[in-house]
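Notes to accompany the following structure.
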Amino acid sequence: SRADDDARARALDGAIEALGKRSTFSDGARAIERAARARDEGDARVSVALARAGRRVATTLKSRYGDARAEAWDVGVRAIEACRDAVGGSDREALVAALATLAETREATATAPREDETAPKTKTKTKDETMDENVDGVVNEALRLILAARRRSLESLVDGLERDFDESEGSRAAASTVSVEALRYRKPRDDEVGMKCSICFDCYATDEVVVAMPCSASHVFHERCVKEWLARDDSCPLCRSSLPVWLGRPQYS
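Count along the sequence shown from 1, add 873, and you get the number used in the numbering used here.
The structure is reproduced here in structure tokens:
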């Protein structure tokens, strides 16, 4: 039902926010996985939110959990897989690529040498053993450098995928003050009262101010919601059409 879809969308917002803290990352990832597996295929809003959630999980794993053996990777990868299965088109392709990159990162980390903490440390070393240790140290250092280079390459690949995905959705630059001031601010029309804002999912009230975006569909949002969005992205939050370059410019008036 619509009420269930709205509840899932709100739960997703909370889960995405939880990814920002190590203490709540796993809980947030599990909540995203549950929402993805329970998604109603007819709700496009939840699908968009799931694509964003899956991408956020992948970015957080890459940037904050360098050791791919950490528990966070298990729950995080499951969440991304669930989001991948719940979305389609370019959203699905982006998550498939992110999963492939994370899998390579985990494989590289798994092959990294680990210190044997249980090895006896009081044994007197012979000359031959000391020479062997020196050789092992050189080999281990070479492996470490190789793995570090591979990791940097993988991170560059993921960064490129994220940039491509972001560009396909819209610009990541903040909207100019002139453009924001030139938007159409008005009260909701009679047929819009009671409809939900696609950003906060709250209904429009008669005494609130809304903004009609200059996109082909003239999508409408709460003033406060769309201003927060435009502070980091100069596109329509729903269709991702970029704001016209002439918006608010006197030479185009």
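Cβ atoms here follow ideal geometry from the backbone N, Cα and C, with glycine treated the same way.
- Are ALA904 and ALA882 touching if we call contact CB-CB under 9 Å? Within the sequence shown, numbered from 1, the residue matching residue 904 stands at position 31. Within the sequence shown, numbered from 1, the residue matching residue 882 stands at position 9. No, the Cβ-Cβ distance between ALA904 and ALA882 is not below 9 Å.
- Message: So, under 8 Å CB-CB, CYS1109 and HIS1095 are touching, yes? Tell me the CB distance rounded to an integer number of Å.
- Response: Start at 1 with the first residue of the sequence shown, and residue 1109 comes out as number 236. Start at 1 with the first residue of the sequence shown, and residue 1095 comes out as number 222. About 14 Å; that fails the 8 Å criterion.
- Cα separation between THR1079 and GLU1054? In the sequence shown, the residue the question calls residue 1079 occupies position 206. In the sequence shown, the residue the question calls residue 1054 occupies position 181. Between THR1079 and GLU1054, the C-alpha separation is close to 22 Å.
- Query: Exposed or buried, THR991, counting other C-beta atoms within 10 Å across all chains shown (16 or more means buried)?
  - Reply: As a position in the sequence shown, residue 991 is number 118, starting the count at 1. The predicted position of THR991 is uncertain, since its pLDDT is 46 and thus under 50; a value taken from the coordinates is nonetheless stated next. Label assigned to THR991: exposed.
- Going by the beta-carbon positions, is the gap between ALA952 and ALA924 smaller than 9 Å? Taking the first residue of the sequence shown as position 1, residue 952 is located at position 79. Taking the first residue of the sequence shown as position 1, residue 924 is located at position 51. Their beta carbons are not under 9 Å apart, which means ALA952 does not touch ALA924 by this criterion.
- Query: Tell me which same chain residues have a C-beta within less than 6 Å of the C-beta of PHE898, skipping the five on either side of it?
  - Reply: In the sequence shown, residue 898 corresponds to position 25, counting from 1. So the qualifying residues of the chain are LEU892, ALA945.
- Query: Mind checking whether SER1052 and LEU1103 have CB atoms under 9 Å apart?
  - Reply: As a first step, residue 1052 is located in the sequence shown; it is residue number 179 there, counting from the start. As a first step, residue 1103 is located in the sequence shown; it is residue number 230 there, counting from the start. Yes, they are a contact pair.
- Query: What did DSSP end up calling LYS935 once you bin it into helix, strand or coil?
  - Reply: One-based indexing of the sequence shown puts residue 935 at position 62. Looking at LYS935 - three-state DSSP - the assignment turns out to be helix.
- Query: Residues bridged to SER1108 by DSSP?
  - Reply: For this step, residue 1108 is matched to residue 235 along the sequence shown. In DSSP, SER1108 forms a bridge with SER1115.
- Cβ-based burial, LYS1000 [other Cβ within 10 Å; buried from 16]: As a first step, residue 1000 must be located in the sequence shown, where it is residue number 127. Any reading at LYS1000 must be qualified, since the residue scores a pLDDT of 49, below 50, and its modelled position is unreliable; the value itself is stated next. So LYS1000 counts as exposed.
- Message: From the DSSP secondary-structure annotation, give me the bridge partner or partners of VAL1084.
- Response: The residue you call residue 1084 lines up with position 211 of the sequence shown. BP columns for VAL1084 point to TYR1058, PHE1094.
- Query: Hey, which unbroken runs of the alpha helix (DSSP H) at 4 residues or more fall wholly within the segment 886-924?
  - Reply: 898-910
- Query: Taking the C-alpha atoms as reference points, what is the distance between ALA1046 and ASP1063?
  - Reply: Position 173 of the sequence shown, counting from 1, holds the residue named residue 1046. Position 190 of the sequence shown, counting from 1, holds the residue named residue 1063. Answer to the nearest angstrom: the Cα atoms are 34 Å apart.
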